[in-house]
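S.K.: Let me begin by handing over the structure; questions about it come next.
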Amino acid sequence: MSTVQLEDVHKYYGKVKAVRGISFESLDKDILAILGPSGAGKTSTLKMIAGLEPVTQGEIYKDGRLINLIPPEKRNIAMVFESYALYPHYTVYDNIAFPLRSKAALLSQDEIDRRVRETAEMLQMKSLLARKPAELSGGQKQRVSLGRALAKRAEILLMDEPLSHLDAKLRHHMRRELKKYQSSLNTTIIYVTHDYLEALALAGRLVILNEGVIHQIGTPSEVYYNPADTFVASLIGQPKINLITCHIQNGSGGELKVISKDGAFQVPCPLSAEELPPRNDTVLVGVRSQHLYLSRNLDDQGIVGEIYVSEYMGVNSIVQVKVGHQILNALTKEQNYEIGQPVKLQVSEKDIILFDAHTGKSLSRGIAHRESITI
Amino acid sequence: MKRSRYLAPKRQTLIWLALAGYAVFALFPLIWVVMMSFKSHIDIISPVPKFIFTPSLENYKAILFGGQSMQYEAGQTDFLLYFKNSCIITISAVVLSLLAGVPASYALARYRFRFKDDIAFTFLSFRFAPEIAVIIPIYILYQKLHLYNTYVGLIFVYQLITLPLIVWIIRGYFEDISVEIEQAAKLDGYSWWGVFTKIALPLVKPGLASTAVLAFIFAWNNFIFGLILGSSDTYPSTVGTLGFISYESVLWGQMAAATVITIMPPLILAIFIQKYLVRGLTMGAIRG
Chain A
0 MSTVQLEDVH
10 KYYGKVKAVR
20 GISFESLDKD
30 ILAILGPSGA
40 GKTSTLKMIA
50 GLEPVTQGEI
60 YKDGRLINLI
70 PPEKRNIAMV
80 FESYALYPHY
90 TVYDNIAFPL
100 RSKAALLSQD
110 EIDRRVRETA
120 EMLQMKSLLA
130 RKPAELSGGQ
140 KQRVSLGRAL
150 AKRAEILLMD
160 EPLSHLDAKL
170 RHHMRRELKK
180 YQSSLNTTII
190 YVTHDYLEAL
200 ALAGRLVILN
210 EGVIHQIGTP
220 SEVYYNPADT
230 FVASLIGQPK
240 INLITCHIQN
250 GSGGELKVIS
260 KDGAFQVPCP
270 LSAEELPPRN
280 DTVLVGVRSQ
290 HLYLSRNLDD
300 QGIVGEIYVS
310 EYMGVNSIVQ
320 VKVGHQILNA
330 LTKEQNYEIG
340 QPVKLQVSEK
350 DIILFDAHTG
360 KSLSRGIAHR
370 ESITI
Chain B
0 MKRSRYLAPK
10 RQTLIWLALA
20 GYAVFALFPL
30 IWVVMMSFKS
40 HIDIISPVPK
50 FIFTPSLENY
60 KAILFGGQSM
70 QYEAGQTDFL
80 LYFKNSCIIT
90 ISAVVLSLLA
100 GVPASYALAR
110 YRFRFKDDIA
120 FTFLSFRFAP
130 EIAVIIPIYI
140 LYQKLHLYNT
150 YVGLIFVYQL
160 ITLPLIVWII
170 RGYFEDISVE
180 IEQAAKLDGY
190 SWWGVFTKIA
200 LPLVKPGLAS
210 TAVLAFIFAW
220 NNFIFGLILG
230 SSDTYPSTVG
240 TLGFISYESV
250 LWGQMAAATV
260 ITIMPPLILA
270 IFIQKYLVRG
280 LTMGAIRG
């Protein structure tokens, strides 16, 4: 059992407020991903948990024990650094053995040797043990740094963008490997990344951080289907979610409708009048690109649009459609759209997320019918 | 090297000629001294410079095994003592500078504290003023503190030469080590001392070796401190060579032999550090 808990943690570097009061808890033996753009305070958060940076304000607990003042070498936390941080003067073997040889570890020579070889075997790098870091490729360095952290068998494993410097192929490979190790290791992992795909694929839960503030904590499907605000909605998903400024109107039958300023985009309002805050005349309508269905048949129901540009991506095409003054992204399996071609756009009511235009907060959160959505 | 391939042959020849000319200009005094050390007194004082002569080891014998004082009473010199003084003072000064300077440079590289930049600048400022500008106050101080004509006193004053050099150069080497490497070592269960001795120090070792040698050369070549603050017991060999000049005559041959021997330690060290000057050791630890 090992968990980390942060209570209203702040980190200031002089006048720069890197982290401004964040609270979250990692679950035992789970991967918690901290996702955010650069400068969000992700690494600062991780280094505070590790004890490498002092906490300006707030408390950090490990297994319910306050660890604010415990030095890093006594926290029993391992970390994989973005830069790998291998010891250049040691061989791979000695790099992995280094944490095991510390006074804190108290291991016999045989036990150290056994663990190093075991780790090397697991990470398939037995042939690399005699090499020095300078003789390794990026992927191999990454493995060694992971191995060094794993060999220690710490209760908590922190990872700071461990895959960000690998090329795309290797990154995907290592992502799967990581997931595999995690299930066999039973370690609590806190994983920092700016790549939403990595976070969604690996994590059991995500903490979404921006400018030192948490925007949302939730499971991958929660943050994907139920983003707390426009920031979370825009951060996750490629192409970016379509956000259209609209206002709410009564339709001819008395039903509520959301209509863009130029009137070109209109969809039924997914929320009832009671669910909408009072005086809320302007809203942002969020629709993910794969939820915009394109139809060439102009007799179909739907929003009138015109192809702006189409990019063929293999399985899918990213099609930009001009609707009035807006340009919307749609993801479709069909190809061969021509620029200027008129199309009809269809959106299902359940795929619409409404946001407050002023605060950016989701208006749809906690609405029952959204939770029935299956992935 | 790559660029020279693209130079026109004619231009290249000119550059080579210019460099060769400079090399002769720079090396000639040295070669002359070496030649002189093997010449007899007659050959040295010959009005026409002699390039061809019968070499002899008389001068070396005289300064190493005594006998130089038999000819001229006033030109007495004890070269071996001065050479020993040089070794004691210079090596001790460098060792002391390393002991004090390496932790200082680590602190300057890694920690934030009040007046940090002022302290660093103070170290550097020791190198600004010519030594001769401060020598008189130091002389008076040394007389009062009974440090005049002592090894300890000279080792202390040599810190003005060696310490700034070591602090400033080693600081750069420490700054080159990624902070994350040290942080990784901390998380691996090592205390400050463990990180410093097992990670930081081994990583600056090449820099440490070359800087120590550089400091040694600077200290070894110093003249003014030994001359003013030392006396015949503590003169380093740079000052000691002056002893070959007397009222009656100058023992050019022995002086040249003493000079050649004095040049040897820094020369050997300079050749030795060349292999340590390779800074490749830290490459590859960080991504890229």
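Chains A and B, in that order, give the protein sequences. Taking numbering that gives the first Met the number 0, the leading residue of the first sequence gets 0, the next gets one more, and so forth. Taking numbering that gives the first Met the number 0, the leading residue of the second sequence gets 0, the next gets one more, and so forth. Glycine included, C-beta positions come from ideal geometry on N, C-alpha and C.
Taking only three categories from DSSP, how would you classify Phe-23 (chain A)?
M.R.: strand
S.K.: So Gly-225 (chain B) packs on Ile-169 (chain B), CB below 8 angstroms; how close in whole Å?
M.R.: The pair is not a contact, with the Cβ atoms about 26 angstroms apart (cut-off 8 angstroms).
S.K.: Where do the N-terminal and C-terminal ends of the alpha helix (DSSP H) with Gly-359 (chain A) fall, by residue?
M.R.: Premise fails: Gly-359 (chain A) is in no alpha helix (DSSP H) and is neither H nor E.
S.K.: Taking C-alpha atoms, which residue in A:Thr-42, A:Ile-59, A:Leu-34 lies nearest to Gln-4 (chain A)?
M.R.: A:Ile-59
S.K.: Determine the DSSP secondary structure at Lys-349 (chain A), reduced to helix, strand or coil.
M.R.: In the structure shown, the three-state DSSP call for Lys-349 (chain A) is helix.
S.K.: As a quick exercise: from A:Leu-177, A:Ala-263, A:Asn-328, A:Arg-170, pick the residue whose alpha carbon is nearest that of Lys-239 (chain A).
M.R.: A:Asn-328
S.K.: Helix, strand or coil for Asn-209 (chain A)? Go by DSSP, reduced to three states.
M.R.: strand
S.K.: Could you give the distance in angstroms between the alpha-carbon of Ala-54 (chain B) and the alpha-carbon of Lys-9 (chain B)?
M.R.: Note that residue 54 (chain B) is Pro in the sequence shown here, rather than Ala. Cα to Cα, the separation comes out at about 41 angstroms.
S.K.: To the nearest angstrom, report how far apart Leu-297 (chain A) and Ala-272 (chain A) are at their CA atoms.
M.R.: 32 angstroms
S.K.: Is there contact here, the segment 107–127 of chain A with the segment 140–157 of chain A, by at least three beta-carbon pairs under 8 angstroms?
M.R.: The segment 107–127 of chain A, when compared against the segment 140–157 of chain A, does touch it at the 8 angstroms Cβ threshold.
S.K.: I'd like to know whether the C-beta atoms of Asn-84 (chain B) and Tyr-150 (chain B) end up nearer to each other than 9 angstroms.
M.R.: yes
S.K.: Can you tell me which of A:Gly-211, A:Ser-309, A:Lys-360, A:Ala-202 puts its alpha carbon nearest to the alpha carbon of Leu-275 (chain A)?
M.R.: When each option's Cα is compared against that of Leu-275 (chain A), the closest is A:Lys-360.
S.K.: So Leu-51 (chain A) contacts chain B; which residues on that side make the cut at Cβ distance below 8 angstroms?
M.R.: Gln-182, Lys-185, Leu-186
S.K.: May I ask you to report which of helix, strand or coil DSSP gives Cys-86 (chain B)?
M.R.: Cys-86 (chain B) falls in the helix class under three-state DSSP.
S.K.: Under a three-way DSSP split, which group does Lys-143 (chain B) fall into?
M.R.: helix
S.K.: Can you pull the chain A neighbours of Leu-202 (chain B), defined as C-beta to C-beta under 9 angstroms?
M.R.: Tyr-86, Pro-87, His-88
S.K.: Any beta carbon of chain C sitting closer than 9 angstroms to that of Tyr-189 (chain B)?
M.R.: Chain labels in this structure do not include chain C; the protein chains are A and B.
S.K.: Within this structure, are the beta carbons of Ala-32 (chain A) and Tyr-190 (chain A) separated by less than 9 angstroms?
M.R.: yes
S.K.: My guess is that Ser-236 (chain B) and Phe-64 (chain B) are in contact by the Cβ rule of under 8 angstroms, so how many angstroms apart are they, rounded?
M.R.: Incorrect: roughly 17 angstroms between the Cβ atoms, too far for contact.
S.K.: Just the C-alpha distance for Gly-57 (chain A) and Asn-67 (chain A), rounded to the nearest angstrom, thanks.
M.R.: 9 angstroms
S.K.: Counting only C-beta atoms, is Lys-197 (chain B) closer than 9 angstroms to chain A at any point?
M.R.: Chain A contact via Cβ: present.
S.K.: Hey, is Ile-66 (chain A)'s beta-carbon within less than 9 angstroms of any beta-carbon in chain B?
M.R.: no
S.K.: Just confirm the distance between the C-beta atoms of Ser-96 (chain B) and Ala-214 (chain B), as a whole number of angstroms; I'd bet it's less than 8 angstroms.
M.R.: Under the criterion of beta carbons closer than 8 angstroms, Ser-96 (chain B) and Ala-214 (chain B) qualify as touching, at roughly 6 angstroms.
S.K.: What do you reckon, are the CB atoms on Ala-199 (chain B) and Ile-223 (chain B) nearer than 9 angstroms?
M.R.: no
S.K.: List, in chain order, every chain B residue whose beta-carbon is nearer than 8 angstroms to that of Ile-326 (chain A).
M.R.: Per Cβ cutoff of 8 angstroms: no residues; Ile-326 (chain A) is ~38 angstroms from chain B at best.
S.K.: Helix or strand or just coil, what does DSSP make of Ser-68 (chain B)?
M.R.: Confidence in Ser-68 (chain B) is poor, its pLDDT being 47 and thus under 50, which makes the residue's placement too unreliable to answer from.
S.K.: Do the segment 348–362 of chain A and the segment 219–235 of chain A meet, that is, are 3 or more Cβ pairs less than 8 angstroms apart?
M.R.: yes
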